[in-house]
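Just so you know, full-length UniProt numbering puts the end of the sequence shown at 137, numbered straight through with nothing missing.
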Amino acid sequence: MRSVGYLLIGIFFGIVMFKSEAASWFRIYEMFQFQSFHMYGIIGSALVLGVIGVQVIKRNNLKSFFGQRITFIPKEKSFSRYMYGGIIFGLGWALAGACPGPIFTLIGAGFMPILIVFAGSLLGTFLYGLLRKKLPH
Numbered sequence: 001m002r003s004v005g006y007l008l009i010g011i012f013f014g015i016v017m018f019k020s021e022a023a024s025w026f027r028i029y030e031m032f033q034f035q036s037f038h039m040y041g042i043i044g045s046a047l048v049l050g051v052i053g054v055q056v057i058k059r060n061n062l063k064s065f066f067g068q069r070i071t072f073i074p075k076e077k078s079f080s081r082y083m084y085g086g087i088i089f090g091l092g093w094a095l096a097g098a099c100p101g102p103i104f105t106l107i108g109a110g111f112m113p114i115l116i117v118f119a120g121s122l123l124g125t126f127l128y129g130l131l132r133k134k135l136p137h
């Protein structure tokens, strides 16, 4: 039954992504050309809401849907892992015109050429799984 709830949340997220034009290749192109604040506003809003959400969870000791306490495990800080990962992610985003969230939104909206991007993202995830032990973590 929880799967239905997750599906409905995903559908709602997809509608919001599409209607806010966050899944629009044109808006993503504008962002990378520094021609519009639109995408930076969406990303900034998500960042602020995420920080507030994490603080609420930490301060109120909230539990998950499964009744388990939500804990945040600190990650090891390193410059190279975030720089290399960010550069690869950003280049892929710029070349494809879509990050992972909008890929599914665009498929749902009927833009079938994005299936090539989806296949590439699956291949990239598979390659990461193969090379994970050799990459900086």
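Glycine included, each C-beta is placed from N, C-alpha and C at the ideal position.
- If you drop the 5 nearest sequence neighbours on each side, which residues of the same chain put their C-beta closer than 6 Å to that of Gly124? none
- CB contact flag (Gly110, Ala23, <9 Å): no
- Message: For the structure I just gave you, are there three or more beta carbon pairs, one from the segment 33-47 and one from the segment 57-69, closer than 8 Å?
- Response: no
- Task: Would you kindly report the start and end of the unbroken alpha helix (DSSP H) that includes Gln35?
- Result: First-last for Gln35: undefined, no H or E at that position.
- alpha helix (DSSP H) containing Ala23: first to last residue? First-last for Ala23: undefined, no H or E at that position.
- Cα-Cα separation, Phe89 to Leu8: 28 Å
- Does DSSP put Lys63 in a helix, in a strand, or in coil? strand
- Can you check DSSP and say which residues form a bridge with Arg69? Lys63
- Message: Can you tell me whether Ala46 is helix, strand or coil according to DSSP?
- Response: helix
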